[in-house]
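Peer 1:
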Amino acid sequence: MLRKFTVVLCALALVAAGCGGDDEEAAPAATTAAPATTAAPATTAAPATTAAPAAGDSTDPIKLPIHNWSSQIAGVYAIGAILESTGNSVEYISADSTLVYTSMCEGDMDLVHEVW
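UniProt numbering puts the first residue of the sequence shown at 1, with every later residue one more than the last.
(1) Just to confirm the assignment, what range does the alpha helix (DSSP H) spanning leucine 99 have?
(2) Which class does glutamate 114 belong to by DSSP, given the choice of helix, strand or coil?
(3) Could you check how far apart the C-beta atoms of serine 94 and proline 61 are, in whole angstroms? I think they sit under 8 Å.
(4) Below 8 Å on the Cβ atoms is my contact criterion, and I expect proline 65 with valine 8 to pass it. Report the Cβ-Cβ distance as a whole number of Å.
(5) Can you tell me whether serine 85 is helix, strand or coil according to DSSP?
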């Protein structure tokens with residue numbers, strides 16, 4: 001049981017790391033140019049940024065399905081507890097497999113941690 005919990009926790013850590021933002025600034029690209037002979041000195045201007053500002057975190061609850069499998073029930077509550085400990089709200093939804101797959105495709109379910 002401890003091994004399963006450790007595996008699930010590691011998987012969640014990988015997912016969280018993959019979803020995290022990158023606060024480091026990108027290093028400017030190095031260029032090599034031939035030396036100028038008699039040209040006037042070039043002026044450098046700051047590069048224009050075109051990225052839109054990041055959207056704020058959603059306040060909607062994270063929707064987790066509950067299947068009628070003992071391993072899935074224990075796992076979904078463990079994942080829910082981790083999400084709640086980080087300040088997220090969680091909504092548990094009783095569902096069968098067919099409903100879960102359809103709901104994931106339509107965006108009505110946020111996370112399914114155990115599928116066959």
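Virtual Cβ for every residue (Gly too), placed ideally from N, Cα, C.
Peer 2: Reading off the structure:
(1) Walking along the sequence shown from the start, residue 99 turns up at place 99. Start and end: 97-106.
(2) Position 114 of the sequence shown, counted from the start, is the residue given in the question as residue 114. In the structure shown, the three-state DSSP call for glutamate 114 is coil.
(3) Position 94 of the sequence shown, counting from 1, holds the residue named residue 94. Position 61 of the sequence shown, counting from 1, holds the residue named residue 61. About 15 Å; that fails the 8 Å criterion.
(4) Your numbering for residue 65 matches position 65 in the sequence shown. Your numbering for residue 8 matches position 8 in the sequence shown. The C-beta separation of proline 65 from valine 8 comes to about 16 Å, leaving the pair out of contact by the 8 Å criterion.
(5) Taking the first residue of the sequence shown as position 1, residue 85 is located at position 85. In this structure, DSSP gives serine 85 a helical state, which the three-state scheme calls helix.
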